[in-house]
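Chemist:
2 protein chains.
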Amino acid sequence: MVIKSKPFETKTLDVESMVKWLASFGQSDGGGVNRLLYSSPWVEAQHALRKEMDDNGLDTYFDSVGNLFGRLTGTEKKSKTILTGSHIDSVTNGGVYDGVYGIIASLIAVERLYKKYGAPKKTIEVVSLCEEEGSRFPITFWGSGNITGIYSLTNALTVKDSDGISLLEAMKRAGFDPDTYQSPKRNDIDSFIEVHVEQGVVLDKNKESLGLVSHIVGQKRFTIQVVGESNHAGTTPMPYRKDAMSVTAQLISYITEKAKELDPDLVATVGKLTAKPNVPNVIAGEVLFTLDIRHHQEEVLNHYCKIIQSFFNDTAAKNGMTITMEQWMDAKPVTMDPELAELSKHVATEKGIAFKRLISGAGHDAQIFGTFCPTALLFVPSKNGISHSPKEYTNKQDLENGVEMLTEFLYKLAY
Amino acid sequence: MVIKSKPFETKTLDVESMVKWLASFGQSDGGGVNRLLYSSPWVEAQHALRKEMDDNGLDTYFDSVGNLFGRLTGTEKKSKTILTGSHIDSVTNGGVYDGVYGIIASLIAVERLYKKYGAPKKTIEVVSLCEEEGSRFPITFWGSGNITGIYSLTNALTVKDSDGISLLEAMKRAGFDPDTYQSPKRNDIDSFIEVHVEQGVVLDKNKESLGLVSHIVGQKRFTIQVVGESNHAGTTPMPYRKDAMSVTAQLISYITEKAKELDPDLVATVGKLTAKPNVPNVIAGEVLFTLDIRHHQEEVLNHYCKIIQSFFNDTAAKNGMTITMEQWMDAKPVTMDPELAELSKHVATEKGIAFKRLISGAGHDAQIFGTFCPTALLFVPSKNGISHSPKEYTNKQDLENGVEMLTEFLYKLAY
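One line per chain: the protein sequences are A and B, in this order.
Just so we're aligned: 149 in the UniProt record's numbering is position 149 of the first sequence, and the numbers increase by one with no gaps anywhere.
Just so we're aligned: 203 in the UniProt record's numbering is position 203 of the second sequence, and the numbers increase by one with no gaps anywhere.
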């Protein structure tokens, strides 16, 4: 028989220390972390976190894919569960705050609430989601996707990492045997509350402590192929050229200018470009480039795509060249719950924390929960907007503001 | 004792068959040739060509670097030598006409002259230059450069191919021992006459049979580095970006437009581009690209560079970014001999061959001889301008026109 302490008897938790403590699992050169899904550092971090939750008197359990829950049971029978937390996995050589901060903030908020008010009316569960980034396997949101039922084991059958290890094999090695899989889908979730670092520069630039997220953007990604004619750079006069590089430059300039012009929240990025033959003295016969566009309104995305496509067609015709646009990603925008958003605004105002309404340009577990249950997403600032890098940093006061905000927010929801 | 035939007793040479015959040395997949300097196919081709010259009664010899000469001695004592020919080496998987056609045309022209008129007054030497392309070693015009004295053995001391074989070692293996090197520099050259395929589309587009080259362009090449800030494609609003890709697109568009606007003979090419980190969902922090510009007037090149540099500076300042421009090639324009050019025009008119005055946008051995002795360069058409490819093609009639033109031209110079 396990003798459990009463919740949060043992010690007072400190947010910055705990972020640093979790960063010790999978520490990378240069002060970042490598904690890819189901890797040894990941397993160690989840188990250390479970022990911490256990030691603090929470009821802990893993579901079949390795999401970790720490439960503080509410006094109201049959109450649904308020889920709060974020993800434990990192990108390769990622920052120490991304994901982890949200788990720690939730644990500390629950500690403070319990110490001050005792057991809540509604059950609160702190969750350490097993995976969000998609850094090891070509699948994202494996943790939240299983809880919300958009994924089950069948979605993982053919998924492999770059070493050829299947997701199922990796699960098994991490102690989550697919043969004993039971759907992690939950039907008892009241709401999901996530705190996360912004991973952008808006709060830092505006010197605000808190971001209240209204939407998570939709994303469309394309590969554009421009086919011209490879030719001798010296012997082909300018009017005779079908120069894929020069035409691509026109397209990229148009992409950038139109995005700026159309809507202040629209972002369009050409991040990757490959030219053929890619030789200084040969006119490029072909260029492939990617286009990543994001906005929180599907109609803006569609309108922008239409304008771009039309310009591409005109440019192709004008230059006697072929320009094709292939879409390989289409994630819809997700709206955070308006009532929770209103409540978060109320709490921030009450607490006197300088806040800003924000749209999240990055993906988060909150976007998976957002179409499943009322969901709120709160940001703390990222210094210089740096993310997915060992240089990721949020100062202690901002970390503390986030915890304070979350504590009061959960109080209003659960007590 | 070697019994030599009288010149050109044995057979009648045919231009197209002889091009095909030489293409059999180093034949590549798809019908092209691999005949890199000092490689086995190169050695075999030079020796087969020497035998052909020997069989036709020419006095043949190699110089110390492997340039092959076939001499038809003139009747005038102490006459200087008219040198005519082109290069035997090819790029990797190159076309069968490039270089070779000029050697064959010279050999056939000399045959026809001898058969019709007997020995010339001035000595004519057909030359198969050992190297022009710079495809195996990072040095170009090794053959003509040695004859004209711009190169000697010391220029080759540190030059290696991609397998780490030094140029000197490759020479030795090909039968030209550097230890017995004697300067191939000639002081007896009257003039150099080269016939070559255009490697461009101008003659083909204009349906002309012959190009009379007035200048070979100067070339400047640069690497341009654009340094911005790598950032998250979703969380960085457009006004906060320092997007190296988007700024590069502006530069390339400007480069293209300005070149078109400034001078019809100016060409500017961005052939190679590398972005960092080159990932779809990350704003490019750095882009490197090359710029190749060519014109036959140095002042136009300089003026264009000045305009470009000024736009780069303005763009860098406007975007708070760094743009640097590093030059790594500066070849001066070369003017072909005006008297020879006038003579070639006269001959073409006389012969009724449709010709066009041209500027060569590609480099040729004629540009090395052009600053050393009176030089003429004649082009025959390249179908669709295709060059450095197995698809390179010149039709039989155009090959024949070039031989006819060269024959008459040499007659006027040597008889």
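Note that CB positions come from ideal geometry on N, CA and C, so glycine has one too.
Between the C-alpha atoms of residue 19 of chain B and residue 400 of chain B, what's the straight-line distance to the nearest angstrom?
Modeler: The alpha-carbon atoms of residue 19 of chain B and residue 400 of chain B are separated by roughly 12 Å.
Chemist: Any beta carbon from chain B within less than 7 Å of residue 1 of chain A's own beta carbon?
Modeler: Only weak support exists for where residue 1 of chain A lies, its pLDDT of 43 falling under 50; the value from the coordinates is given anyway. Cβ-Cβ to chain B under 7 Å: no for residue 1 of chain A.
Chemist: State buried or exposed for residue 332 of chain A, treating a residue as buried only when at least 16 other CB atoms are found within 10 Å of its CB.
Modeler: Residue 332 of chain A is exposed by the Cβ-count criterion.
Chemist: Return the CA-CA distance between residue 407 of chain B and residue 22 of chain B, expressed in angstroms with no decimal places.
Modeler: Those two C-alpha atoms are separated by around 21 Å.
Chemist: Counting pairs of Cβ atoms below 8 Å between the stretch 253-269 of chain B and the stretch 228-236 of chain B, do you hit three or more?
Modeler: No, they do not touch.
Chemist: Looking at chain A, is there any beta carbon in it that lies within less than 7 Å of the beta carbon of residue 188 of chain B?
Modeler: No, because no Cβ of chain A sits closer than 7 Å to the Cβ of residue 188 of chain B.
Chemist: Would you list the one or two residues that DSSP bridges to residue 69 of chain A?
Modeler: BP columns for residue 69 of chain A point to A/61, A/127.
Chemist: DSSP on residue 82 of chain B, reduced to helix/strand/coil?
Modeler: Strand.
Chemist: Who are the neighbours of residue 292 of chain A on chain B, taking C-beta pairs under 7 Å?
Modeler: What residue 292 of chain A touches in chain B: 233, 280, 281.
Chemist: Listing by chain order, which chain B residues have their CB less than 7 Å from the CB of residue 201 of chain A?
Modeler: Going along chain B in sequence order, the residues near residue 201 of chain A (Cβ under 7 Å) are 236, 240.
Chemist: Ignoring anything shorter than 3 residues or poking outside the stretch 106-188 of chain B, list the beta strand (DSSP E) runs there in chain order.
Modeler: Counting whole runs of 3 or more residues, the stretch 106-188 of chain B contains the beta strand (DSSP E) stretches 123-129.
Chemist: Since residue 142 of chain B and residue 247 of chain B should fall inside the 8 Å C-beta cutoff, what is the C-beta to C-beta distance between them, to a whole number of angstroms?
Modeler: Between residue 247 of chain B and residue 142 of chain B the Cβ distance is about 40 Å, and since that is not below 8 Å, they are no contact.
Chemist: Would you kindly check if the distance between the Cβ of residue 402 of chain B and the Cβ of residue 294 of chain B is under 7 Å?
Modeler: Going by C-beta atoms, residue 294 of chain B is not nearer than 7 Å to residue 402 of chain B.
Chemist: With DSSP as the reference, identify every bridge partner of residue 285 of chain A, one or two as the case may be.
Modeler: Beta-bridge pairing links residue 285 of chain A to no other residue.
Chemist: For the stretch 353-370 of chain A, list every residue whose C-beta sits within 9 Å of some C-beta in chain B, in sequence order.
Modeler: Cβ contacts with chain B come from 360, 361, 362, 363.
Chemist: In or out: residue 397 of chain B buried (at least 16 other Cβ within 10 Å) or exposed?
Modeler: Residue 397 of chain B is exposed by the Cβ-count criterion.
Chemist: For residue 277 of chain B, does the count of other Cβ atoms within 10 angstroms reach 16, so buried, or fall short, so exposed?
Modeler: By the 10 Å Cβ count, residue 277 of chain B comes out exposed.
Chemist: Can you tell me whether residue 203 of chain B is helix, strand or coil according to DSSP?
Modeler: Three-state result, residue 203 of chain B: helix.
Chemist: Can you find the residues in the same chain that come closer than 6 Å, C-beta to C-beta, to residue 330 of chain B, ignoring five residues on each side of it along the sequence?
Modeler: Hits under 6 Å: 220.
Chemist: Between the stretch 161-181 of chain A and the stretch 32-42 of chain A, can you find at least three pairs of beta-carbon atoms closer than 8 Å?
Modeler: The stretch 32-42 of chain A vs the stretch 161-181 of chain A: in contact.
Chemist: Of the choices B/372, B/365, B/289, whose alpha-carbon is the least far from that of residue 99 of chain B?
Modeler: Ranking B/372, B/365, B/289 by Cα distance to residue 99 of chain B puts B/365 first.
Chemist: For residue 313 of chain B, count neighbouring C-beta atoms within 10 Å of its own C-beta (all shown protein chains included) and say buried if the count is 16 or more, exposed if not.
Modeler: Per the 10 Å Cβ criterion, exposed.
Chemist: Out of B/113, B/32, B/254, B/97, which one is the CA nearest neighbour of residue 12 of chain B?
Modeler: Taking only the C-alpha atoms, the option nearest residue 12 of chain B is B/113.
Chemist: Can you list the beta strand (DSSP E) stretches of 3 or more residues lying completely in the stretch 320-387 of chain A, in chain order?
Modeler: Entirely contained in the stretch 320-387 of chain A, the beta strand (DSSP E) runs reaching 3 residues are, in chain order, 322-331, 355-360, 375-380.
Chemist: Which chain B residues sit within Cβ distance under 8 Å of residue 324 of chain A?
Modeler: What residue 324 of chain A touches in chain B: nothing, since even the nearest Cβ is about 17 Å away.
Chemist: Using the Cβ count rule (16 or more neighbours within 10 Å means buried), how would you classify residue 302 of chain B?
Modeler: With fewer than 16 Cβ atoms within 10 Å of its Cβ, residue 302 of chain B is classed as exposed.
Chemist: Counting only beta-carbon separations shorter than 7 Å, does residue 336 of chain A have a partner in chain B?
Modeler: It does not; no Cβ of chain B falls within 7 Å.
Chemist: When the distance is taken between beta carbons, is residue 130 of chain B closer than 7 Å to residue 67 of chain B?
Modeler: Contact: yes.
Chemist: By the three-class DSSP mapping on this structure, what secondary structure does residue 308 of chain B have?
Modeler: Three-state result, residue 308 of chain B: helix.
Chemist: In chain order, what residues of the same chain have a beta carbon less than 8 Å from the beta carbon of residue 1 of chain B, not counting five sequence neighbours either side?
Modeler: Because the pLDDT of residue 1 of chain B is 43, which lies under 50, any placement of that residue in the model is unreliable, and the question is left without a value.
Chemist: Whose CA, out of B/253, B/81, B/97, B/56, lies closest to the CA of residue 382 of chain B?
Modeler: It is B/97.
Chemist: Which class does residue 88 of chain B belong to by DSSP, given the choice of helix, strand or coil?
Modeler: DSSP places residue 88 of chain B in coil when its eight states are reduced to three.
Chemist: Of all Cβ atoms in chain E, is any one closer than 7 Å to the Cβ of residue 15 of chain B?
Modeler: Looking for chain E here will not work: the only protein chains present are A and B.
Chemist: For the stretch 194-222 of chain A, enumerate the residues whose C-beta is nearer than 8 Å to any C-beta of chain B, in chain order.
Modeler: Listed by position along the chain: 198, 199, 200, 201, 202, 205, 217, 219, 221.
Chemist: What residue range is occupied by the uninterrupted alpha helix (DSSP H) comprising residue 402 of chain B?
Modeler: Unbroken alpha helix (DSSP H) run through residue 402 of chain B: 396-414.
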